[in-house]
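Chemist:
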Amino acid sequence: RLSVMTKKNFISLILGTIGGILFAVGMCMCLLPEWNAFTPGVVIAAAGIVVLAVLLIVRRKMDGRPAIKVNGRTVGTIVFGVIAALVLGVGMCMAMVWEMMISGIIVGIVGIVLLLCLIPMCKGIK
1 RLSVMTKKNF ISLILGTIGG ILFAVGMCMC LLPEWNAFTP GVVIAAAGIV VLAVLLIVRR
61 KMDGRPAIKV NGRTVGTIVF GVIAALVLGV GMCMAMVWEM MISGIIVGIV GIVLLLCLIP
121 MCKGIK
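Residue numbers (my numbering): 1 to 126.
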């Protein structure tokens, strides 16, 4: 039996793809000096972040939930996620740019573990 894609999943697919591509291309423009496009890259990456934020708001509205409740737990989770992503990024830079392969892999693995910790932080453990 075939399942049918719901409207909210289709909209999430489209907005997520557009936002992700804009963000990725913007980051490439910023980080590849050969492209010489740092400022436009920042603008395009910011547009990608805006599209992804709109996706979050639209998805929650379609689920019948309030936009986002800003409280200490939400802010703490976001800060933790940003730090975890930065640790993973630093590990990748260490391995691929700064030629510190072993320590870069270790720092990258720590970043991945920190990002995995977001799952129980957001969903809880039952």
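The beta carbon of each residue, even a glycine, is placed where N, CA and C say it ideally should be.
(1) Taking the alpha helix (DSSP H) that P40 belongs to, which residues open and close that run?
(2) On a Cα-Cα basis, can you pick out the residue from L13, M29, F38, P40 that is closest to V54?
(3) Give me the Cα-Cα distance between V90 and E99, rounded to the nearest whole angstrom.
(4) Would you check if the distance between the CB atom of L52 and the CB atom of G19 is smaller than 8 Å?
(5) Have a look at V58, M92, M29, S3 and flag the residue whose alpha-carbon is nearest the alpha-carbon of G16.
(6) Would you say G111 and V82 are within 8 Å of each other, going by their C-beta atoms?
(7) Taking 7 Å as the cut-off, is the beta-carbon of G64 closer than that to any non-hydrogen atom of the ligand HEM?
(8) Would you mind stating whether M92 and G108 have Cβ atoms separated by less than 8 Å?
(9) Sorted by chain position, which residues of the same chain lie with C-beta nearer than 7 Å to P40's C-beta, five sequence neighbours on each side aside?
(10) Could you give the DSSP three-state label for W98: helix, strand or coil?
(11) Nearest to A47 by CA position, among I102, A24, V75, is which residue?
(12) Which residues bound the alpha helix (DSSP H) around C30?
Modeler: By the coordinates alone:
(1) In the DSSP annotation of this structure, the continuous segment of the alpha helix (DSSP H) that includes P40 starts and ends at 38 to 62.
(2) Out of L13, M29, F38, P40, L13 has the C-alpha closest to the C-alpha of V54.
(3) Going by the C-alpha atoms only, they are around 12 Å apart.
(4) It is a contact, given that the beta carbons lie within the stated cut-off.
(5) Nearest C-alpha to G16: V58.
(6) Not in contact: G111 and V82 (Cβ atoms no closer than 8 Å).
(7) Among the ligands in the structure shown, none appear at all, so the ligand HEM cannot be discussed.
(8) Going by C-beta atoms, M92 is nearer than 8 Å to G108.
(9) If we look at P40 and ignore the five residues flanking it on each side, its Cβ neighbours are M29.
(10) Reduced to three states, the DSSP call for W98 is coil.
(11) Ranking I102, A24, V75 by Cα distance to A47 puts A24 first.
(12) Annotation: the continuous alpha helix (DSSP H) that includes C30 extends over 7 to 31.
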